[in-house]
Amino acid sequence: MSATPTDAAALLLTGSERRRWRLRIVGVLLATGLLLFSFALAAVAPGRTLEVSLLQAMAALLVAGPAFVAALRSLHQPDLHGVVDQLVALAILACLVSANFVTATLLPVIMLVGQMLEDRSLLGSREAVQALSALTASTARLVRDGDVVTVPADRLAAGDMIEVRPGDRVPADGVVVSGAASVDTASLTGESLPVEVGVDDTVLGSSLSLNGRLVIRVSRVGAQSALGRVVALMQEAERSKPPITRLLERYAGRYLALVLLIALMLWFTTQSTGAVLALLVAACPSAMVLAAPSTALAAVSVAARHGVLVKSSVVFERLAEADALVVDKTGTVTTGRLRVVRLQPAEDVDVDRLGAVAAALGAASTHPVGRAIAQLPVLAATLDEVREEAGFGMRAVGAAGPVFLGRDAFLREQGIAVGALPAHDGPLAAVAEGGRFLGWVCLADEVRDRVAATLHDLAQLGLRRQALLTGDREAEARRVADRIGLSEVHAGALPPDKLAFVQSVAADGQKPLVVGDGINDALALRAGLVGMAMGGHGSDIALASADIVLTGDDFSRVATAVRLARRTRRTLRVNLGLSAAWTLALVIVAVSGGWSSNGALAAAILQNVGAFVVIANSGRLMKFDEP
Numbered sequence: 001m002s003a004t005p006t007d008a009a010a011l012l013l014t015g016s017e018r019r020r021w022r023l024r025i026v027g028v029l030l031a032t033g034l035l036l037f038s039f040a041l042a043a044v045a046p047g048r049t050l051e052v053s054l055l056q057a058m059a060a061l062l063v064a065g066p067a068f069v070a071a072l073r074s075l076h077q078p079d080l081h082g083v084v085d086q087l088v089a090l091a092i093l094a095c096l097v098s099a100n101f102v103t104a105t106l107l108p109v110i111m112l113v114g115q116m117l118e119d120r121s122l123l124g125s126r127e128a129v130q131a132l133s134a135l136t137a138s139t140a141r142l143v144r145d146g147d148v149v150t151v152p153a154d155r156l157a158a159g160d161m162i163e164v165r166p167g168d169r170v171p172a173d174g175v176v177v178s179g180a181a182s183v184d185t186a187s188l189t190g191e192s193l194p195v196e197v198g199v200d201d202t203v204l205g206s207s208l209s210l211n212g213r214l215v216i217r218v219s220r221v222g223a224q225s226a227l228g229r230v231v232a233l234m235q236e237a238e239r240s241k242p243p244i245t246r247l248l249e250r251y252a253g254r255y256l257a258l259v260l261l262i263a264l265m266l267w268f269t270t271q272s273t274g275a276v277l278a279l280l281v282a283a284c285p286s287a288m289v290l291a292a293p294s295t296a297l298a299a300v301s302v303a304a305r306h307g308v309l310v311k312s313s314v315v316f317e318r319l320a321e322a323d324a325l326v327v328d329k330t331g332t333v334t335t336g337r338l339r340v341v342r343l344q345p346a347e348d349v350d351v352d353r354l355g356a357v358a359a360a361l362g363a364a365s366t367h368p369v370g371r372a373i374a375q376l377p378v379l380a381a382t383l384d385e386v387r388e389e390a391g392f393g394m395r396a397v398g399a400a401g402p403v404f405l406g407r408d409a410f411l412r413e414q415g416i417a418v419g420a421l422p423a424h425d426g427p428l429a430a431v432a433e434g435g436r437f438l439g440w441v442c443l444a445d446e447v448r449d450r451v452a453a454t455l456h457d458l459a460q461l462g463l464r465r466q467a468l469l470t471g472d473r474e475a476e477a478r479r480v481a482d483r484i485g486l487s488e489v490h491a492g493a494l495p496p497d498k499l500a501f502v503q504s505v506a507a508d509g510q511k512p513l514v515v516g517d518g519i520n521d522a523l524a525l526r527a528g529l530v531g532m533a534m535g536g537h538g539s540d541i542a543l544a545s546a547d548i549v550l551t552g553d554d555f556s557r558v559a560t561a562v563r564l565a566r567r568t569r570r571t572l573r574v575n576l577g578l579s580a581a582w583t584l585a586l587v588i589v590a591v592s593g594g595w596s597s598n599g600a601l602a603a604a605i606l607q608n609v610g611a612f613v614v615i616a617n618s619g620r621l622m623k624f625d626e627p
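Here the UniProt record's numbering is used: the first residue of the sequence shown is 1, the next is one more, and so on.
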């Protein structure tokens, strides 16, 4: 930030922050003017020392007031910022007592530059949030009774039908009802190439339609949309404190007491006010205050640019330590876009009845299997009391009695005799009605692009134990595992089984990264060192349980997130080392008497130099880019 906030930056500040900065800048300008006038008066009339001293005292009091207020406020909430405020306030007070009004004026002015650097680094994160918010379309083309009406986008509700033309930005999340188009999602998911969408495909709000006309049924608006959740996650990450910051704050009071003890000893041994002032300013941990937050904010912004959203800056530190990987299958390493390849009815069962019951149950499911079955081109049966058993299947009540859809084990638990498994390598769903087995629904799924290459990259990064954990059958799990190069497979796992497996991995002394997307992955995501959810089509529960959300469906972003976390950890360590060494060096120079009577000003300038170096090093993270 420059001496005065720019108009763009000012818009990102809260009302109280703007008022605080205006008052401080006005005070600095008035103090600087009085100080310059006193210098001119001293040069013109050397004998008028009293008037010169009064002008300089007035200048010092103008800028000392806010410094004293900040120091008093920090007594109620001690932290690293408070240590800086208190040490600066003590130095200014010592200058005023010793009638060193020039130093008392210049010291808070110089330290104000450091505060501006810090606030500017915080504004960088707010600018990223504002840039995302600006992607929201201001208007929408609402389709009503065959007519198209332009309305404000914030008036849309779930269930509305909207039209999106070439060049339009999609105003809300929804599902394509008709039409096809190429959609640019780079601003939200990090995908560099346009995505082709058609009927029944999900389209995210803020995406840009490049060609073709789409009619979309709105599913989520406002804060519930993908963009709204992205903004909320970034704001939450901005407010969080890195672990090292919290650790340092625990010892902030002890550090202040140590500095005051050294200052007292220095006074008794040297009787030099200048040396004590220099020590108080040199001991201000200005660079260390910025070391962790500036690194974390840069990492959060870079991650969002790559379609990786973190709920807290703490996540980067944990992710950098991960040494094992546990991945779900359907919707994670596979596309999750299943399709029904055939219906295999049981003996004496009509295939249309099998399809009708399966479609009715699938229509109420959030699982990829259920969503695929719901697309069957049949007239769905009428069912009541439909509910989903996470990780098991669906149940309902029909005219002929209880109705079930799910894994063969689920139906057997209901006392239903299930026929022999059909010769099919893909996912299977068994259907029963009124205690009678109706048959099988055979589905197919495809492995995502670049999964095998990403798993190899993760192994190179140290995540050598890699396990596929799925609720699907052993044969299907093995088929997928062979294609992506995994040897450890755990199939037929229910949510409690997934939780137990992740806990066993942790009990073995490993630190698992868990990647999933479904309701049945929520417990496992919580149990891992870090939980990562595929956000493109992931369930709300999985997204809420995860520490990291991938806004798109690009599995390679898992490796991107790990590499960024490792880079962030290195940057943080360098920042902490630089800031600690810099502060220690300044303290040693101050204690050894290496500065003249203006040592406090020199220490203040050098403290800001250290803060600038730390911010510049954190800024190098912004160059991290993986197309």
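Beta carbons: idealized from backbone N, C-alpha and C, even for Gly.
- DSSP, reduced to helix, strand and coil, places H490 within a strand of the structure shown.
- From the listed residues R483, D547, G492, A491, the smallest Cα separation to P512 is found for D547.
- Closest in alpha carbon position to A104, among A275, A31, V515, is A31.
- Looking at the DSSP output, G406 sits in a beta bridge with G393, A430.
- When secondary structure is reduced to three states using DSSP, F437 falls in the strand class.
- Going by C-alpha positions, A616 is about 48 Å away from L338.
- Contact between the region 354-374 and the region 457-469 is not established, with fewer than three Cβ pairs separated by less than 8 Å.
- Listed in chain order, the beta strand (DSSP E) elements of length 3 or more contained wholly in the region 254-323 are 308-310.
- Within the model, the alpha-carbon separation for V505 versus F437 is close to 38 Å.
- Less than 8 Å separates the beta-carbon of M394 from that of L405.
- In this structure, the straight-line span from the alpha carbon of L297 to that of R305 is close to 13 Å.
- Take the alpha-carbon of A602 and the one of L107: they are about 9 Å apart.
- Cα atoms of Q607 and A91: separation of roughly 14 Å, rounded to the nearest angstrom.
- Under the criterion of beta carbons closer than 8 Å, A180 and L572 do not qualify as touching, at roughly 46 Å.
- CA-CA distance, S312 to M534, rounds to 17 Å.
- The alpha carbon of P627 has as its nearest neighbour, out of R620, A600, S556, L458, the alpha carbon of S556.
- For E196, the uninterrupted beta strand (DSSP E) run begins and ends at 195-197, by DSSP.
- Secondary structure of A360 (DSSP, three-state): helix.
- Put simply, of D554, N520, D508, P495 the residue whose alpha carbon is nearest the alpha carbon of V451 is D554.
- Remark: C-beta atoms of A481 and V326 do not approach each other more closely than 8 Å.
- With contacts defined as CB atoms closer than 8 Å, T332 and D445 fail to qualify as a contacting pair.
- Here the alpha carbons of Q510 and A324 stand approximately 6 Å from one another.
- Listed in chain order, the alpha helix (DSSP H) elements of length 4 or more contained wholly in the region 59-116 are 80-97.
- Here the region 477-497 makes no contact with the region 345-354; the two share fewer than three CB pairs at distances below 8 Å.
- With a threshold of 16 other beta carbon atoms within 10 Å, E385 falls short and is exposed.
- For D482, the enclosing alpha helix (DSSP H) has its first and last residue at 474-484.
- When only Cα atoms are considered, V351 and V431 end up about 11 Å apart.
- The shortest CA-to-CA distance from V276 to any of S618, V587, M622, G610 is the one to V587.
- Annotation note: the region 529-585 contains the following uninterrupted beta strand (DSSP E) runs of length 3 or greater, listed N- to C-terminal: 530-534, 548-550.
- Of the residues assessed, M265 falls on the exposed side of the cut-off, its CB having fewer than 16 other CB atoms within 10 angstroms.
- In the three-state reduction of the DSSP assignment, R387 falls in the strand class.
- With 16 or more other Cβ atoms from the protein chains shown falling within 10 Å of its own Cβ, K498 counts as buried.
- Contact between V310 and A604 does not hold, since their C-beta atoms are separated by about 35 Å, which reaches or exceeds 8 Å.
- According to the DSSP secondary-structure assignment, M161 is paired through a beta bridge with R217.
- A287 and T583 do touch by the CB rule: their CB atoms are close to 7 Å apart, below 8 Å.
- Two segments are said to touch when three or more pairs of C-beta atoms, one from each, lie closer than 8 Å; by this definition the region 254-270 does not touch the region 520-534.
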